Amino acid sequence: MVEGEVSEETTKLKNLLLENNATQTTSVQPRIPAPKNITEIGGYINLLRELDQEQMLRQVLASVLGITMPKK
942 MVEGEVSEET TKLKNLLLEN NATQTTSVQP RIPAPKNITE IGGYINLLRE LDQEQMLRQV
1002 LASVLGITMP KK
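Here is the structure:
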């Protein structure tokens, strides 16, 4: 739907969805050094799982991967 525009209404809806997505997410600046290899990423995952820190795990992974997290 986002790429296929068939009418003016569809175009308006697409623009609304894109605007909503842009305002509902935020960039996450890394607080940890970029991992040098997959082993370091695994270490982050294992540590946070052992500490039962699922929310922090999601934030760390988003930071490492450079993706946005939804605002709460």
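Counting from 942, one number per residue, gives the positions in the sequence shown under the numbering used here. Yeah, the Cβ is synthetic: ideal placement off N, Cα and C, and Gly gets one too. All values derive from a computational prediction rather than experimental measurement.
task = State whether the stretch 976-994 contacts the stretch 1002-1009, with contact taken as three or more CB pairs (one from each stretch) at a distance under 8 Å.
result = yes
request  = Check whether the Cβ atoms of Glu995 and Leu988 sit closer than 9 Å, and answer yes or no.
outcome  = On the sequence shown, residue 995 is found 54 positions in, with the first residue counted as 1. On the sequence shown, residue 988 is found 47 positions in, with the first residue counted as 1. No, they are not a contact pair.
request  = Quick one: give me the first and last residue of the alpha helix (DSSP H) that Ile986 is part of.
outcome  = Start at 1 with the first residue of the sequence shown, and residue 986 comes out as number 45. Where Ile986 is concerned, the enclosing alpha helix (DSSP H) stretches over 979-991.
Residues near Ile986 in its chain [Cβ-Cβ closer than 7 Å; skip 5 each side] = Locating residue 986 in the sequence shown gives position 45, where the first residue counts as 1. Leu998, listed in sequence order.
message = Quick check: the Cα distance between Asn962 and Glu949, rounded to an integer number of angstroms?
response = Here residue 962 is taken as the residue at index 21 of the sequence shown, counted from 1. Here residue 949 is taken as the residue at index 8 of the sequence shown, counted from 1. Roughly 20 Å between the two C-alpha positions.
query = Bridge partners of Met997, per DSSP?
reply = Reading the sequence shown from its first residue, position 56 is the one you call residue 997. Answer by DSSP bridge pairing: none, since Met997 is not bridged.
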